[in-house]
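Okay, structure first, notes after.
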Amino acid sequence: MDKHNLFMIGLVLLAVFVIADGIWVVMTPPVGDELQAYGLVAVGAFMLLIGYYLGERRD
5 MDKHNLFMIG LVLLAVFVIA DGIWVVMTPP VGDELQAYGL VAVGAFMLLI
55 GYYLGERRD
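In my numbering, the protein residues as written are 5 to 63.
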């Protein structure tokens, strides 16, 4: 594996973790954090899009 593949795997894992964290914030009892959770999900989705773009650019 080269450094690019390791970077892409790390980016995808981090993005999935950020999305899961956003979903966790929505589901946990303290209310009022929904906006922050939606922001986390959006950041995770943006990270996935960046990873997809970099992967397509590499090919």
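Beta carbons are placed, not taken as given, at the ideal position from N, Cα and C, and that holds for glycine.
*Three-state secondary structure (DSSP) at Val16?*
helix
*Tell me whether Leu10 is buried or exposed, calling it buried when 16 or more other Cβ atoms sit within 10 Å of its Cβ.*
exposed
_Whole angstroms are fine: how far does the CA of Ala41 sit from the CA of Asp25?_
8 Å
*Compare the C-alpha of Trp28 against each of Gly43, Val16, Gly55, Phe50 and name the closest.*
Gly43
*For Val45, decide whether its Cβ has a neighbour in chain B, counting only Cβ atoms nearer than 9 Å.*
As a matter of chain content, chain B is missing from the structure shown, which is built from one protein chain.
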